[in-house]
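Structure, as structure tokens:
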């Protein structure tokens with residue numbers, strides 16, 4: 001087994017695939033280290049970054065030694081699943097995970113979304129296919145079972161923002177293709193865990209109107225209006241208000 005046979009997935013609970021099987025890594029600290037190294041695959045993560053990420057300077061009297069102990073355990077775990085000693089390297093004042101970025105689901109997701117957004121809105125059928133494939137990589141919220149350190153929290157936030165953008169564009173693509181029922185089903189599903197997303201609410205209203213479900217469109221708008229008022233204390237945006245009347249503003253920011 002070599003480095004190319006290892007895949008690390010962070011779009012959900014941390015998951016490591018070695019060859020054809022899954023390898024379970026126990027311990028929140030080690031999962032956090034591996035997740036950060038994987039996200040920065042091929043680049044060095046400094047020791048001081050890891051110490052701060054794991055709050056070792058506040059939880060132990062010797063943070064450097066504590067980090068070294070965790071890295072030793074992680075190295076042994078990796079070597080058990082991959083005989084290639086180069087997978088995890090000590091580099092100067094830090095560590096590097098020598099795997100391709102394409103072996104990390106977050107990077108595969110980001111690449112696919114970037115490709116799709118570059119094509120939108122000119123090729124909605126291609127955009128829909130690529131985004132559907134990209135979103136299928138998610139198994140839950142990103143980095144679900146790691147420490148909420150500053151770096152990993154920032155990475156998770158960025159991945160969630162990209163997921164929201166891809167969901168919005170996917171629903172928009174279905175509308176452009178005239179697949180309104182599919183747009184409605186997807187918008188409702190996405191709104192379950194992103195209820196404050198006005199662009200999804202707007203797309204749902206327009207898709208309902210396009211197939212003549214006007215009463216349901218009004219109900220959906222009123223529901224969005226109520227959620228925004230109760231949760232954020234704000235009125236609907238211009239784009240959401242216009243969705244009841246003007247299709248051109250459905251996906252306006």
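In full-length UniProt numbering, the protein residues as written are 1 to 253. Even glycine gets a Cβ: it sits at the ideal position worked out from N, Cα and C.
By DSSP, does residue i sit in helix, in strand, or in coil?
i: residue 234; result: coil
i: residue 44; result: strand
i: residue 120; result: coil
i: residue 240; result: helix
i: residue 209; result: helix
i: residue 196; result: coil
i: residue 146; result: coil
i: residue 132; result: helix
i: residue 249; result: The predicted model places residue 249 with a pLDDT of 39, which falls under 50 and marks its position as unreliable; any figure quoted below should be read in that light. The answer is helix: DSSP assigns residue 249 an H, G or I state.
Might you give, ordered along the chain, the residues of its own chain that have their beta carbon closer than 7 Å to the beta carbon of residue i, omitting 5 neighbours on each side?
i: residue 43; result: 96
i: residue 266; result: In this structure the chain extends from 1 to 253, so residue 266 is not present and cannot be described.
i: residue 152; result: 32, 35, 36, 53, 143 and 146
i: residue 195; result: 227
i: residue 184; result: 204, 207 and 208
Since residue i and residue j are thought to touch, with beta carbons under 8 Å apart, how far apart are those beta carbons, to the nearest angstrom?
i: residue 128; j: residue 173; result: 4 Å
i: residue 98; j: residue 108; result: That belief does not hold up - the Cβ atoms of residue 98 and residue 108 are roughly 18 Å apart, past 8 Å.
i: residue 51; j: residue 67; result: 6 Å
i: residue 210; j: residue 245; result: That pair is no contact at about 13 Å.
i: residue 187; j: residue 203; result: 5 Å
i: residue 120; j: residue 169; result: 6 Å
i: residue 198; j: residue 240; result: 5 Å
i: residue 126; j: residue 112; result: At roughly 11 Å, the Cβ-Cβ gap does not stay under 8 Å, so residue 126 and residue 112 are not in contact.
i: residue 229; j: residue 200; result: With 8 Å as the limit, residue 229 and residue 200 do not qualify as a contact, their Cβ atoms being about 17 Å apart.
i: residue 122; j: residue 162; result: Not quite, the Cβ-Cβ distance comes to about 21 Å (not below 8 Å), so this is no contact.
For the beta strand (DSSP E) holding residue i, just list the boundary residues, first then last.
i: residue 17; result: 15-18
i: residue 87; result: Per DSSP, residue 87 belongs to no beta strand (DSSP E) and is neither H nor E.
i: residue 23; result: 21-23
Hey, how far is the Cα of residue i from the Cα of residue j?
i: residue 93; j: residue 23; result: 28 Å
i: residue 41; j: residue 13; result: 18 Å
i: residue 84; j: residue 139; result: 29 Å
i: residue 91; j: residue 29; result: 20 Å
i: residue 226; j: residue 233; result: 9 Å
i: residue 236; j: residue 190; result: 19 Å
i: residue 61; j: residue 55; result: 11 Å
i: residue 212; j: residue 221; result: 15 Å
i: residue 219; j: residue 72; result: 57 Å
i: residue 70; j: residue 224; result: 47 Å
i: residue 21; j: residue 15; result: 11 Å
i: residue 262; j: residue 25; result: Examination of residue 262 is not possible in this model, given that the chain is present from 1 through 253 alone.
i: residue 132; j: residue 193; result: 17 Å
i: residue 65; j: residue 27; result: 17 Å
Got a sec, what are the start and stop residues for the alpha helix (DSSP H) residue i sits in?
i: residue 8; result: Counting along the chain, residue 8 falls outside any alpha helix (DSSP H), though it belongs to the beta strand (DSSP E) covering 6-9.
i: residue 96; result: Counting along the chain, residue 96 falls outside any alpha helix (DSSP H), though it belongs to the beta strand (DSSP E) covering 94-97.
i: residue 35; result: 28-39
i: residue 77; result: 63-81
i: residue 54; result: Run containing residue 54: none; DSSP gives neither H nor E here.
Which residues in the same chain as residue i place their Cβ atom closer than 8 Å to its Cβ, once the five residues preceding and following it in sequence are excluded?
i: residue 104; result: 7, 8, 9, 10, 38, 39 and 41
i: residue 160; result: 141 and 142
i: residue 156; result: 141, 142 and 143
i: residue 48; result: 93
Excluding sequence positions up to five away, which residues of its chain have a Cβ less than 6 Å from the Cβ of residue i?
i: residue 18; result: 6 and 81
i: residue 149; result: 53
i: residue 171; result: 183, 186, 187 and 203
i: residue 247; result: Unreliable placement is indicated for residue 247, whose pLDDT of 48 sits below 50; the coordinate value is still reported in the next sentence. Here the set comprises 206.
i: residue 63; result: 51, 56 and 57
i: residue 78; result: 87 and 88
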